Every structure is written in structure tokens, then in C-alpha cells.
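Positions 31 to 445 (the working numbering) are the ones given, in order, by the sequence shown.
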Amino acid sequence: MAARFVIRKNQYYDSVFLMGVNKRLSQSKGVLQTAVLMASEKNKQLLADIGIQGDQIVTAKPNDLIVAVIAESTQVVDTVLAGLDQALLALEEKGSVSQLHNLEDGLAEKPHANLAVLTIPGEYVFREARKALEAGLNLFIFSSNVPIEEERKLKELAAEKKLLVMGPDCGTSILNGIGVGFANKVNRGVFGAIGPSGTGLQEFTSQIHNAGFGISHAIGTGSRDLSDEIGGITTIQALDVLEADPQTKVISIIAKPPGGKTLERLIARLKICSKPIVSCFLGARMDSFEGGDALTWVPTIDDAVLAAIQHVGEKPTAERIELTKQERELAAKSRADWAPEQRFLRGLFAGGTFCYQSQQILGEAGIVVHSNAPLNPQTKLTNPDRSSEHTMIDMGDEFYTQGRPHPMIDGTIRR
Numbered sequence: 031m032a033a034r035f036v037i038r039k040n041q042y043y044d045s046v047f048l049m050g051v052n053k054r055l056s057q058s059k060g061v062l063q064t065a066v067l068m069a070s071e072k073n074k075q076l077l078a079d080i081g082i083q084g085d086q087i088v089t090a091k092p093n094d095l096i097v098a099v100i101a102e103s104t105q106v107v108d109t110v111l112a113g114l115d116q117a118l119l120a121l122e123e124k125g126s127v128s129q130l131h132n133l134e135d136g137l138a139e140k141p142h143a144n145l146a147v148l149t150i151p152g153e154y155v156f157r158e159a160r161k162a163l164e165a166g167l168n169l170f171i172f173s174s175n176v177p178i179e180e181e182r183k184l185k186e187l188a189a190e191k192k193l194l195v196m197g198p199d200c201g202t203s204i205l206n207g208i209g210v211g212f213a214n215k216v217n218r219g220v221f222g223a224i225g226p227s228g229t230g231l232q233e234f235t236s237q238i239h240n241a242g243f244g245i246s247h248a249i250g251t252g253s254r255d256l257s258d259e260i261g262g263i264t265t266i267q268a269l270d271v272l273e274a275d276p277q278t279k280v281i282s283i284i285a286k287p288p289g290g291k292t293l294e295r296l297i298a299r300l301k302i303c304s305k306p307i308v309s310c311f312l313g314a315r316m317d318s319f320e321g322g323d324a325l326t327w328v329p330t331i332d333d334a335v336l337a338a339i340q341h342v343g344e345k346p347t348a349e350r351i352e353l354t355k356q357e358r359e360l361a362a363k364s365r366a367d368w369a370p371e372q373r374f375l376r377g378l379f380a381g382g383t384f385c386y387q388s389q390q391i392l393g394e395a396g397i398v399v400h401s402n403a404p405l406n407p408q409t410k411l412t413n414p415d416r417s418s419e420h421t422m423i424d425m426g427d428e429f430y431t432q433g434r435p436h437p438m439i440d441g442t443i444r445r
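Structure (C-alpha cells):
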């Protein structure tokens with residue numbers, strides 16, 4: 031077995047493009063493993079985990095490209111690395127790399143645009159996002175690892191300009207029937223939705239669609255919007271937008287529990303909304319908060335779907351979503367295959383919402399779950415790369431997405 035790496039200084043590519051290069055190189059005969067990554071600290075650790083180390087990697091900068099190959103022989107390694115430029119060029123010629131290099135290029139090509147989508151390294155987001163807001167554009171920021179103080183400044187500026195900042199770390203929105211980021215193709219309809227990052231909105235909108243109804247708009251706010259540091263700025267703006275939208279009849283919010291101060295502010299806004307609201311704060315105990323005919327608190331996404339449908343006077347196709355006989359048999363077979371010493375549950379999730387909801391359901395059964403994205407801060411993993419007893423991992427967390435595609439794009443990180 032042989033291994034070698036090369037570093038290309040100041041040769042930046044986005045993670046989706048690099049995933050294509052990695053796939054192309056890994057298909058060569060005799061290759062055991064490849065890694066095509068930008069030199070973020072997390073990616074350096076990933077390289078070390080597969081035995082690729084060196085002083086050059088330690089000193090590499092985030093804008094440097096690292097390509098590593100592990101193969102059956104030195105000859106295979108050399109051949110694959112010699113073909114790197116050809117692989118890069120081939121994908122560039124296929125149009126994988128945009129010819130628009132800055133915001134000004136984009137505005138010149140689309141002068142009537144009202145939305146900018148940012149998928150750039152977090153350290154550059156504030157500068158580019160501010161330019162977009164000054165140009166009168168709403169923002170969808172897929173990028174993560176943006177300092178939280180910069181996020182707040184952007185959202186405050188957007189609010190002043192009557193613009194929306196969806197993100198950072200925003201995975202999904204559906205605006206006038208058009209999906210932005212990771213979005214399912216769903217029916218148009220009367221149900222509006224608000225959620226922090228992505229998977230919760232996808233689940234809610236998909237279930238509404240599967241029940242025979244449709245979505246007016248689904249607005250992503252970013253994973254930290256409901257923290258006390260941000261104060262729910264985009265969430266409350268989204269409520270204003272959906273309340274004013276004539277197509278939207280019912281508004282649903284799907285999120286993990288907000289910060290204490292933000293929750294108080296949000297409840298005050300929800301109580302004066304003129305449209306029915308269904309709120310699902312996963313893992314939160316909302317018993318002490320008053321609901322009413324127009325404001326309904328529910329514990330799970332399934333319950334949110336049922337409650338929203340009932341608000342428009344329709345009968346849901348099913349009271350609860352139950353496991354099929356085949357799914358129950360599969361679960362029983364899997365459990366029967368466990369060895370006696372296998373006592374702990376492990377869960378790997380591509381997004382935070384299902385990770386939260388799994389913790390909530392298991393917690394109700396009396397099972398303590400540790401996680402990198404815990405509902406209970408006391409069960410937070412010290413090291414996200416090391417499990418502890420029952421463990422649920424959100425692979426879409428910023429810890430895992432520095433310089434590499436989100437697991438919804440590239441699920442190989444689960445290996």
C-alpha cells in the first residue's frame with residue numbers, strides 16, 4: 031500500500047465541486063481511498079484520521095487545496111495525482127464552476143433579481159452579504175461558521191431595509207413554489223412554515239404534500255436565529271411576511287427550543303397574530319404557556335401536520351403516522367442480531383431536527399441520550415467524534431461541515 035498528498039496553494043473550490051473531483055479520482059483502478067479537501071482545521075483532522083499527515087498539511091491555509099491518495103501501489107498513486115489537473119479541468123468544462131465570480135457579475139447578469147444565495151466560506155460571508163443587502167437583495171445563506179455577532183449585524187441591517195436574511199446555516203426555503211437549497215417539490219397551498227435550518231421544514235412540507243395539501247411559503251431562518259444572541263429576528267420577520275400573505279391561511283413553526291428571552295418575545299408576537307399558529311418546539315415543555323383557538327402547541331412534527339390541517343377544517347388522512355408491519359419486522363430482526371454486549375443506541379442524522387426529535391422520543395421513554403446537538407445541555411458530548419452510551423449525532427453540525435459538503439449532498443462522512 032502507498033499514500034501521498036499534494037497541496038495547491040491558494041486554489042479554492044467549493045465543496046460540491048471538490049466532491050465531483052474526489053469521485054472522479056476514486057474511480058481509478060487500484061485506488062483504496064482519496065480525499066480532495068480545502069485545508070480547514072477539521073479537514074486536516076480528517077486526513078490525520080486516515081493516516082495522511084505532514085508539516086505541509088499543518089501549515090496549509092484554508093484557501094489551499096489538499097489532494098491525498100491511498101492506493102495499492104506507488105505507481106497508482108503517482109498516476110492518479112498526475113491526472114489531477116485533467117480532472118479539475120474536465121469538471122470546470124462541464125460547467126461545475128460558475129463563471130460569475132462576484133456579486134457585481136451576478137447583478138449584471140440578473141439586474142432584476144431580489145434574492146442572493148451565498149455558499150462561500152463563513153469568514154467571507156459578512157462582507158459579501160452586506161454588499162447584497164446594500165444592493166437591495168434578500169439573502170439565503172447556506173454557509174455556516176459565520177461569527178454570531180456578524181449574523182446579528184446582518185439581520186439588523188436587513189430588518190432596517192425590510193429585507194430577509196435566511197441563514198447563515200440555512201438549508202431550506204420554498205418561496206412562491208420555488209425551492210432554495212434542499213427542498214422537496216410539493217404542492218402549492220395555504221400552509222406557511224418557518225424553521226431554522228432545513229430538515230424540519232422538509233419533513234413538514236413533505237407530510238403536508240403527502241396528505242393532499244400544499245405549501246404557500248416555507249421560510250428558513252438559520253440554525254441560530256432563535257438563540258438569545260440573535261433574538262429571533264428573521265423568525266419574527268417571517269411571521270410578518272406570512273401573516274400579510276393572502277395565500278397563507280395557517281402558519282407553522284418547527285424548531286428546537288428558543289432561548290429564554292427569545293421565547294418570551296416570540297410568544298408575545300404569536301399571540302397577536304391574526305392567523306392560526308401551530309408551534310412545535312422539539313423537546314420543550316410548553317404546558318405552562320397558554321394556547322387557545324388560534325395558537326396551538328404540539329410536541330412533534332407529525333402532530334404539527336395534523337393540527338395545521340385541522341385548522342382549515344379538513345380531516346387528516348390518518349390520526350398518527352404508524353410503522354408498517356414490514357418496518358416493525360425489520361426493527362425486530364435488527365434487534366435480534368445484536369450481540370449480548372451491544373447495549374447502546376447510536377444514531378447518525380443528516381440534519382438537526384430528526385436528531386432532536388429522536389432525543390425527545392427516547393427521553394420520553396426514560397432513555398438518556400448524549401449528542402453533539404443535545405436538547406439537554408448536560409448531555410452534550412465533550413468530543414463529537416467519540417460516542418458516550420446512547421448517542422445521537424447531527425452530521426450536519428458546523429463541526430462536520432467545515433470545508434466539505436453537507437451530508438445531504440455527500441453522505442460518505444457517515445462511514
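Where a beta carbon is used, it is the ideal one built from N, C-alpha and C, also for glycine. Fair warning: this is a prediction, and the values are worked out from it, not measured in the lab.
Would you call residue i buried or exposed, if buried means 16 or more other Cβ atoms sit within 10 Å of its Cβ?
{"i": "Pro437", "result": "buried"}
{"i": "Gly219", "result": "buried"}
{"i": "Leu360", "result": "exposed"}
{"i": "Gly22", "result": "Nothing can be reported for residue 22, as the shown portion of the chain is limited to 31 through 445."}
{"i": "Tyr386", "result": "buried"}
{"i": "His142", "result": "exposed"}
{"i": "His131", "result": "exposed"}
{"i": "Leu353", "result": "exposed"}
{"i": "Val97", "result": "buried"}
{"i": "Val88", "result": "exposed"}
{"i": "Trp368", "result": "exposed"}
{"i": "Val36", "result": "exposed"}
Where does residue i sit, in a helix, a strand or coil, going by DSSP?
{"i": "Phe170", "result": "strand"}
{"i": "Cys385", "result": "helix"}
{"i": "Ile37", "result": "strand"}
{"i": "Ile302", "result": "coil"}
{"i": "Thr149", "result": "coil"}
{"i": "Asp199", "result": "coil"}
{"i": "Leu272", "result": "helix"}
{"i": "Gln232", "result": "helix"}
{"i": "Lys410", "result": "strand"}
{"i": "Ala63", "result": "A small correction: the amino acid at residue 63 is Gln; Ala does not occupy that position in the sequence shown. DSSP places Gln63 in strand when its eight states are reduced to three."}
{"i": "Gly12", "result": "Residue 12 is absent from the structure shown; the chain starts at 31 and stops at 445."}
{"i": "Ser418", "result": "coil"}
{"i": "Ala101", "result": "strand"}
{"i": "Ser401", "result": "strand"}
{"i": "Leu375", "result": "coil"}
{"i": "Phe429", "result": "helix"}
{"i": "Ile439", "result": "coil"}
{"i": "Ser126", "result": "Summary for Ser126: the model assigns pLDDT 48, below 50, so the residue's position carries little reliability; its value from the coordinates is reported in the next sentence. Coil at Ser126, not helix or strand."}
{"i": "Ala12", "result": "Outside the modelled stretch of the chain, which goes from 31 to 445, sits residue 12, for which no answer is possible."}
{"i": "Thr265", "result": "helix"}
{"i": "Ala223", "result": "strand"}
{"i": "Thr326", "result": "strand"}
{"i": "Phe256", "result": "The identity of residue 256 in the sequence shown is Leu, whereas the question assumes Phe. Leu256: coil per DSSP, three-state reduction."}
{"i": "Leu95", "result": "strand"}
Between residue i and residue j, what straight-line distance do the alpha-carbon atoms span, to the nearest angstrom?
{"i": "Ala65", "j": "Ser58", "result": "13 Å"}
{"i": "Lys140", "j": "Ile171", "result": "18 Å"}
{"i": "Ala403", "j": "Lys410", "result": "7 Å"}
{"i": "Arg157", "j": "Pro151", "result": "11 Å"}
{"i": "Leu336", "j": "Lys345", "result": "8 Å"}
{"i": "Thr383", "j": "Arg160", "result": "29 Å"}
{"i": "Ala120", "j": "Ala241", "result": "44 Å"}
{"i": "Ser174", "j": "Pro226", "result": "13 Å"}
{"i": "Arg416", "j": "Gln116", "result": "38 Å"}
{"i": "Phe374", "j": "Gly343", "result": "44 Å"}
{"i": "Leu62", "j": "Ile100", "result": "6 Å"}
{"i": "Ala324", "j": "Asp199", "result": "31 Å"}
{"i": "Met425", "j": "Pro370", "result": "28 Å"}
{"i": "Met196", "j": "Ala189", "result": "12 Å"}
Taking the alpha carbon of residue i as the point to measure from, which residue in the options has its own alpha carbon closest?
{"i": "Lys183", "options": "Asp332, Cys200, Asp255 and Thr202", "result": "Asp255"}
{"i": "Thr251", "options": "Lys53, Ala241, Thr264 and Asn240", "result": "Thr264"}
{"i": "Lys286", "options": "Gln389, Leu62, Arg365 and Val399", "result": "Gln389"}
{"i": "Glu186", "options": "Gly261, Ile339 and Glu134", "result": "Gly261"}
{"i": "Ala380", "options": "Phe212, Pro151, Ala69 and Gly222", "result": "Phe212"}
{"i": "Gln340", "options": "Lys279, Ala395, Ser56 and His400", "result": "Lys279"}
{"i": "Pro519", "options": "Gln41, Gly84 and Leu405", "result": "What is shown of the chain runs 31 to 445, which leaves residue 519 out entirely."}
{"i": "Ala338", "options": "Pro407, Gln237 and Lys53", "result": "Gln237"}
{"i": "Lys39", "options": "Ala395, Pro276 and Leu67", "result": "Leu67"}
So the beta strand (DSSP E) residue i belongs to, where does it begin and stop?
{"i": "Val308", "result": "Ile307 to Phe311"}
{"i": "Val280", "result": "Val280 to Ala285"}
{"i": "Arg182", "result": "That residue, Arg182, is in no beta strand (DSSP E); its alpha helix (DSSP H) goes Ile178 to Glu190."}
Determine the extent of the alpha helix (DSSP H) in which residue i is found, giving its start and end residues.
{"i": "Leu77", "result": "Glu71 to Asp79"}
{"i": "His247", "result": "First-last for His247: Ile245 to Gly250, but that is the beta strand (DSSP E), not the alpha helix (DSSP H)."}
{"i": "Arg315", "result": "First-last for Arg315: undefined, no H or E at that position."}
{"i": "Phe47", "result": "Ser45 to Ser56"}
{"i": "Gly136", "result": "Leu133 to Glu139"}
{"i": "His341", "result": "Ile331 to His341"}
Step through the CB atoms of chain C and report whether any lies within less than 8 Å of the CB of residue i.
{"i": "Ser203", "result": "Checking the listed chains, one finds no chain C in this structure; it contains a single protein chain."}
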